[in-house]
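Trainee: Protein chains in written order, with the numbering used here: chain Z, 0 to 85; chain D, 0 to 85; chain F, 0 to 85; chain X, 1304 to 1385; chain R, 1304 to 1385; chain V, 1304 to 1385.
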Amino acid sequence: GNVPAEQQQQLMQEIEKMQVRDSLRMYNSLVERCFRDCVESFRRKDLDSTEEKCVQSCCGKFMKHSARVGIRFGELSSEAETQMAA
Amino acid sequence: GNVPAEQQQQLMQEIEKMQVRDSLRMYNSLVERCFRDCVESFRRKDLDSTEEKCVQSCCGKFMKHSARVGIRFGELSSEAETQMAA
Amino acid sequence: GNVPAEQQQQLMQEIEKMQVRDSLRMYNSLVERCFRDCVESFRRKDLDSTEEKCVQSCCGKFMKHSARVGIRFGELSSEAETQMAA
Amino acid sequence: MSASGGQPDPALAMEMAKQEMDYRVALFNAMVSSCYEKCIDKRYKDGDLSVGENSCIDRCSSKYWQVTGIVGQMLGAQGAMQ
Amino acid sequence: MSASGGQPDPALAMEMAKQEMDYRVALFNAMVSSCYEKCIDKRYKDGDLSVGENSCIDRCSSKYWQVTGIVGQMLGAQGAMQ
Amino acid sequence: MSASGGQPDPALAMEMAKQEMDYRVALFNAMVSSCYEKCIDKRYKDGDLSVGENSCIDRCSSKYWQVTGIVGQMLGAQGAMQ
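1) Output, in chain order, the set of chain D residues within a Cβ distance shorter than 8 Å of Arg1362(V).
2) If we count the other Cβ atoms within 10 Å of its Cβ and call it buried at 16 or more, is Thr81(F) buried or exposed?
3) Tell me, please, whether the CB atom of Gln1385(X) is closer than 7 Å to any CB atom in chain D?
4) Beta-carbon within less than 8 Å of Leu1330(X)'s beta-carbon, same chain only, minus the 5 sequence neighbours each way: which residues are those?
5) Given this structure, state the Cα-to-Cα distance separating Glu86(Z) from Cys37(Z), to the nearest angstrom.
6) From Met83(Z) to Arg71(D), what does the alpha carbon distance come to, in whole angstroms?
7) Roughly how many whole angstroms lie between the Cα atoms of Ser1336(R) and Phe34(F)?
8) Should Ser48(Z) be flagged as near chain V, meaning a C-beta pair shorter than 7 Å?
9) Below 8 Å on C-beta distance, what does Val1328(X) contact in chain D?
10) Can you tell me where the alpha helix (DSSP H) holding Glu50(Z) begins and where it ends?
11) What in chain Z is Cβ-close to Leu1378(R), meaning under 9 Å?
12) So, at 8 Å on beta carbons, what are the nonlocal neighbours of Gln1385(R) in its own chain, with the 5 sequence-adjacent residues on each side left out?
13) Secondary structure at Phe41(F), three-state DSSP: helix, strand or coil?
14) In whole angstroms, give me the CA-to-CA distance for Lys1366(R) and Ala1314(V).
15) Since Ser88(F) meets chain R, which of its residues come closer than 7 Å, beta carbon to beta carbon?
16) Please specify which runs of the alpha helix (DSSP H), each continuous and at least 4 residues long, are wholly inside the stretch 1312 to 1347 of chain X, giving them in chain order.
17) Going by DSSP in three states, Asp1349(X) sits in which element: helix, strand or coil?
18) Going by C-alpha distance, which of Gln12(D), Val19(D), Asn27(D), Met17(D) is nearest Cys58(D)?
19) Of the residues Ser40(Z), Arg24(Z), Val19(Z), Glu74(Z), which one's Cα is nearest the Cα of Cys1359(R)?
20) Ignore the nearest five residues each way along the sequence and tell me which others in Glu1318(R)'s own chain have a CB closer than 6 Å to its CB.
21) Quick one: residues in its chain with C-beta nearer than 6 Å to the C-beta of Gln1376(X), no 5 flanking neighbours on either side, listed in chain order?
22) Please list, in chain order, the chain D residues whose beta carbon lies closer than 7 Å to that of Lys1345(X).
23) Please report the residue range of the alpha helix (DSSP H) in which Gln1369(V) lies.
24) Which same chain residues end up closer than 7 Å to Ile14(D) when comparing Cβ atoms and leaving out the 5 residues on each side of it in sequence?
25) Measure the alpha-carbon distance for Ile1373(X) versus Phe61(D) and round it to whole angstroms.
26) Whose Cβ in chain Z lies nearer than 8 Å to the Cβ of Leu1352(V)?
27) Would you say Tyr1339(R) reaches chain Z, if we count a Cβ-Cβ gap shorter than 7 Å as a contact?
28) Under 7 Å between C-beta atoms, does Glu80(D) make it to chain X?
29) Looking only at C-alpha atoms, which of Ser65(Z), Lys16(Z), Arg20(Z) sits nearest to Glu1340(V)?
30) Verify whether the separation of the beta carbon atoms of Leu46(Z) and Tyr1326(R) is less than 7 Å.
31) Determine the burial state of Ala1380(V): buried for a count of at least 16 other Cβ atoms within 10 Å of its Cβ, exposed for fewer.
32) Are the C-beta atoms of Glu13(Z) and some chain C residue less than 7 Å apart?
33) For Val68(Z) versus Met1334(V), is the C-beta distance shorter than 7 Å?
34) To which residues of the same chain is Lys1348(R) closer than 7 Å at the C-beta, ignoring the five residues directly before and after it?
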């Protein structure tokens, strides 16, 4: 977009806000997902070691997955911009 | 609601913002839904013609569905307002 | 957080806004959930008495559930703060 | 940016009008997606709605609306809407 | 509307307080809906929680909270929270 | 806070830039969660992605992107994006 120079700073602040908001949302959805996939039994109030390990793997997998999609997303966006400019 | 006249314009701007935001959200959820329902195989990186046709049908159906619910929603809202006023 | 005194009022207003927004969101998600779990047949346009009773029970259960999680959430938050301070 | 006296606050009225819109949009979207799940055949042979789907949508919209009424009454009764 | 110097920015503190609230509300809502799925019998014979459901809710809340801790540590460790 | 004349409105440009970002973030998040459901083995034996999962993610991202194109064209064609 074509944003006037004097509003660039305001835009940067908005981006920062969004990044915080988005990383909190990602954190929340990661907890929800790994809880749903890993915790099935409610006969105790503490996680057992299998559940803990599962949550750690889930979290690790999700972060790697998300990073990889990020790379592909960047590539696909650049390609699209190149095609638009051509 | 009873909004003072001088804020009507601001409200209109808010409505416009909401409409843009909402149509983008609708677009995103439509992509998510049609992708989920139509794309099952990941042995290639391009959609095949069956998948493409499925996405088009899904999209067409959703838009017609959404339009029809919109009409019903309007009717139900009017009925409710009529009953409130009576 | 350490919010300057003169912004406390603005923060209170934000909290109020959030509470309204959040109770509307809760209302919406409750309707969605109880509709999904209780209404299966679309051979008539009005709810039958079994569906109505189901929606009422669903709603009652959800509110009691939500209240109980709220109590636990409060306890867990306090424990966490106590541990942080120690 | 906000009136700090006791008189009616235009920013508040504005905020309430905005929240009412937000609420109606969210209600509509939830009705759309709930009835989509209940009524639409996901095989997507073509892009048109069948007669059965169309009448399901009408009844589904009506029932969904009735559920909002019941839930609203119950939340109101228990004062849970704050 | 925003301080452009290097000194502490009240609008920023405000924004952070707001985001902390947003976060806590979202966490609570996710806990409510996650434990609802895990613990509640969806046959809805009546509107009360059974003894089994109540104790499931308590344990579920506790376990959900522990999962937030593990995930928080892992995100922190990998600096993925930016 | 907003220009009321006919000339280009910086607040509007700002708003559009913000919505574009919002949109891109939402698109990315939807791609992440859609491809997670399609590609990732939920048994979570360890925290690494297998070779099969990695290639599935690449193809899934590509196909997801193509779906955004088809849906965009169809919404544009019917003027449904307002």
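Note that beta-carbon positions come from the ideal geometry of N, C-alpha and C, so glycine has one too.
Mentor: Put simply:
1) Phe41, Arg42, Arg43, Lys44
2) exposed
3) Note on Gln1385(X): pLDDT 40, under 50, position unreliable in the model; the coordinate value appears next. No, its Cβ sits nowhere closer than 7 Å to a Cβ of chain D.
4) Thr1371
5) With chain Z covering only 0 through 85, there is no way to say anything about residue 86(Z).
6) 40 Å
7) 15 Å
8) no
9) Met17, Asp21
10) 48 to 84
11) Ser22, Met25, Tyr26, Leu29, Cys58, Met62
12) At Gln1385(R), the pLDDT of 40 sits below 50, so the modelled position is not reliable; the number obtained from the coordinates is stated separately. Nothing listed; no residue qualifies.
13) coil
14) 46 Å
15) Given a span of 0 to 85 for chain F in the structure shown, any question on residue 88(F) remains unanswerable.
16) 1313 to 1342
17) coil
18) Asn27(D)
19) Ser40(Z)
20) none
21) none
22) Asp36
23) 1354 to 1380
24) none
25) 28 Å
26) Lys60, Lys63, His64, Arg67
27) no
28) no
29) Ser65(Z)
30) no
31) exposed
32) Among the chains of the structure shown, chain C does not appear; the protein chains present are Z, D, F, X, R and V.
33) yes
34) none
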